[in-house]
Each structure stands twice: as C-alpha cells, then as structure tokens.
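Numbering (this note's numbering) for the sequence shown: 56 to 297.
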Amino acid sequence: MATQSSEFKLVPVLPVDYPALARLESVVLGETDVGIVGFGPNRNSEAAMDQRAAMMGAAPKPGDTVRDMKVVRVGPAGDEEIVGYAGWLICVGRTGGDDEKTRLGTREAWAAQQAPGAEPFGPGADVKFCMDMFVRADEHMARATEGKDYAKLRMLVVLPEFQRMGLGAMMLEEGLREADSRGLQSILGASPNGIGLYRRHGYVDFKAMELNLWEYERGKGMGVLTNVIMHRPAATTESSSQ
C-alpha cells in the first residue's frame, strides 16, 4: 500500500496507532445521534477510548484478515498527523464444508462463540440500541453475502476539517482494489452522508434500517435514524476466475 499525494499519504495502521484512532473516531462520531444515544455521556472517557482501542487492535478470528489503513497529513517540517482511518476485514474460507461454514460463515455464529462481558459496547452504552443497530446490521450483511467470501468495510472516518477532499474515496478504493483482485464481494453499513460515495463505487442498497430514536433512553425528542446495508458484487477478473 503506497498511495500518496503531495500532502497526504495512505499507509497501513500500526499497533501503536489504535489509541489515536479511537480518539479520531470519537471526534467524528461522538456527537452524532449514534454517539449520543448509543454510547452516552461516557463515550469519550478514558475507559471508553481504552476499550475501543483494544477492540480495534484485537486479533482477527479464524478466516479473517484485517486491513486497517490510515491517511496521514505530512506537515512542512515532516511532522505527521493522522486525519483518516478505514478498517477493512477480508473473510475467506466460507465455501468449505458445513463445519467450516458454521465456524466462519455468519456473524451470528461468531457472536455465539464470544463471551460478551459486562459492557460489550463500552462503559455506559445502551445495549439494546447497540444490538438493534450493530448486531442487526451484521445479520443483514451476513445475509447479503449468501455464505460466500467477502470484504467488509467496518469503518471509514475522516476528521471534519479534511472531509470533501477525496480522502474517504482514497481509502475506499484501496480496499476495493484488494477485493477486486481476489474476486470478493463487498459489504458495509452506510449513513445517509456516505451513500452517494458508495453508490459511485458500485454498491447497491440491500437493506434500509430505521431506528426510532425516541424509543431509547437517551433519544427522547429525537427522530428516525437511517442506516443502509449496502452490497457490491464481486468483480470478475482474470486472477479471480482461475
């Protein structure tokens, strides 16, 4: 991975980056409806950041390969600042026997094998909201893949002052290059702000999710939250057809 411009460069994430990436994600998403309703007043606490960083840097499950990348801004003196992050997951091995597909094939199967702990979504998180938002989204994405191998865009964030500069597209296209070279379909969950970008890159709507925020403890007086599960068919290439 060596995509560069005169001011920004796209490079792999290092293990030491995850605390900074957790804070970057919090800056971008912490004051959204998802952040406020789902994660509450403790969403930016040290404990929340530590747990999120640990989750980001956790070892992948069998059959998974993590492709995390960051956009770094290089200053005049050579100093570097992380301004964007994308987390990709490459999942292969889903076309084997029934035992292997049960072990690798669905998010629901993975979830059943995990011990969630007392606060699986972070300190003070609304577990019902997170289940309705994130676990249901994973279930829809599992259906979209129809039991076949895939590349999943788990997260794509860019600091507000660097948005609309093509940095999100840069990270999206880097992941799609690998997906296409391996003949993999791709899935993701999109907020309304991201749908246009993803459609321009070949994704189509699979399932629109709507959550009535006023039904949750911290959502009183709020409206409807929309999240769209999107799917991009596998590209047929010479290497993937062999």
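Ideal Cβ positions, reconstructed from N, Cα and C, are used throughout, including at glycine.
(request) Name, in chain order, the residues that DSSP records as bridge partners for Trp269. (result) Taking the sequence shown and counting its residues from 1, the one referred to as residue 269 is at position 214. Looking at the DSSP assignment, Trp269 forms no beta bridge with any residue, so it has no partner.
(request) Please report how far the alpha carbon of Lys64 lies from the alpha carbon of Ile91, in whole angstroms. (result) The sequence position of residue 64 within the sequence shown is 9, counting from 1. The sequence position of residue 91 within the sequence shown is 36, counting from 1. Computed Cα separation, rounded: 32 Å.
(request) For Gln297, collect the residues of the same chain with a Cβ closer than 7 Å to its Cβ; drop the 5 residues on either side in sequence, then sort them by chain order. (result) If you number the sequence shown from 1, residue 297 lands on position 242. Note that Gln297 has pLDDT 45, beneath the 50 cutoff, so the model's placement of it is unreliable and the number below is only indicative. For Gln297, where only same-chain residues beyond five positions count, there are no Cβ hits under 7 Å.
(message) My assumption, with CB atoms under 8 Å, is that Leu76 sits in contact with Met111. Please give the rounded CB distance.
(response) Here residue 76 refers to the residue found at position 21 of the sequence shown. Here residue 111 refers to the residue found at position 56 of the sequence shown. That belief holds up - the Cβ atoms of Leu76 and Met111 are roughly 6 Å apart, short of 8 Å.
(request) Would you mind reading off the limits of the beta strand (DSSP E) that contains Gln240? (result) By one-based count along the sequence shown, residue 240 stands at place 185. Residues Gln240 to Ala245.
(request) Only counting runs of 4 or more residues, tell me where the alpha helix (DSSP H) segments fall wholly within the stretch 168-197, in order along the chain. (result) 182-185
(message) Given a cut-off of 7 Å on the beta-carbon distance, is the pair Asp204 and Val259 in contact?
(response) If you number the sequence shown from 1, residue 204 lands on position 149. If you number the sequence shown from 1, residue 259 lands on position 204. The answer is no: Cβ separation not under 7 Å.
(request) Confirm the yes/no value for this check: CB of Leu227, any heavy atom of the ligand SAM, distance under 6 Å. (result) Ligands in the displayed structure: none, and consequently the ligand SAM is not present.
(message) Determine, for Tyr205, whether the minimum Cβ-Cβ distance to residues of chain D falls below 7 Å.
(response) Looking at the structure shown, chain D is missing, and only one protein chain is on hand.
(message) DSSP has Pro67 in a bridge; who is on the other side?
(response) Position 12 of the sequence shown holds residue 67. DSSP, once it has assigned bridges, lists Met124 as partnering Pro67.
(message) On the DSSP bridge list, what partners appear for Met264?
(response) Against the sequence shown, residue 264 aligns to sequence position 209. Answer is Asn282, bridged to Met264.
(request) Could you name the residues of the same chain whose beta carbon sits closer than 6 Å to that of Ala245, not counting the 5 residues immediately before and after it, in chain order? (result) Translated into the one-based positions of the sequence shown, residue 245 becomes position 190. Excluding residues within five positions, the ones whose Cβ falls inside 6 Å are Tyr253, Val283 and Met285.
(request) Please report how far the alpha carbon of Arg273 lies from the alpha carbon of Lys183, in whole angstroms. (result) For this step, residue 273 is matched to residue 218 along the sequence shown. For this step, residue 183 is matched to residue 128 along the sequence shown. If you take the alpha carbons of Arg273 and Lys183, they lie about 12 Å apart.
(message) Between which residues of its own chain and Gly257 is the CB-CB distance below 6 Å, once the five residues before and five after are set aside?
(response) Position 202 of the sequence shown, counted from the start, is the residue given in the question as residue 257. Result list for Gly257: Arg287, in chain order.
(request) Out of Gly230, Ala224 and Leu268, point me to the one whose CA is closest to Val121's CA. (result) Position 66 of the sequence shown, counted from the start, is the residue given in the question as residue 121. Here the closest residue by C-alpha is Gly230.
(request) Say whether the stretch 201-216 touches the stretch 136-147, bearing in mind that this needs 3 or more beta-carbon pairs closer than 8 Å, one atom from each stretch. (result) yes
(request) Use the C-beta contact count for Lys125: other C-beta atoms within 10 angstroms, 16 or more gives buried, fewer gives exposed. (result) In the sequence shown, residue 125 corresponds to position 70, counting from 1. Classification of Lys125: buried, given that the 10 Å Cβ count is 16 or more.
(request) Out of Arg232, Gly223, Gln240 and Ser241, point me to the one whose CA is closest to Gly249's CA. (result) As a position in the sequence shown, residue 249 is number 194, starting the count at 1. Of the listed residues, the one whose Cα sits closest to Gly249 is Gly223.
(message) For Gly133 and Met220, I'd like the C-alpha separation in whole angstroms.
(response) Translated into the one-based positions of the sequence shown, residue 133 becomes position 78. Translated into the one-based positions of the sequence shown, residue 220 becomes position 165. The alpha-carbon atoms of Gly133 and Met220 are separated by roughly 21 Å.
(message) In this structure, how does DSSP classify Arg254 when only helix, strand and coil are distinguished?
(response) Along the sequence shown, one-based indexing puts residue 254 at 199. Looking at Arg254 - three-state DSSP - the assignment turns out to be helix.
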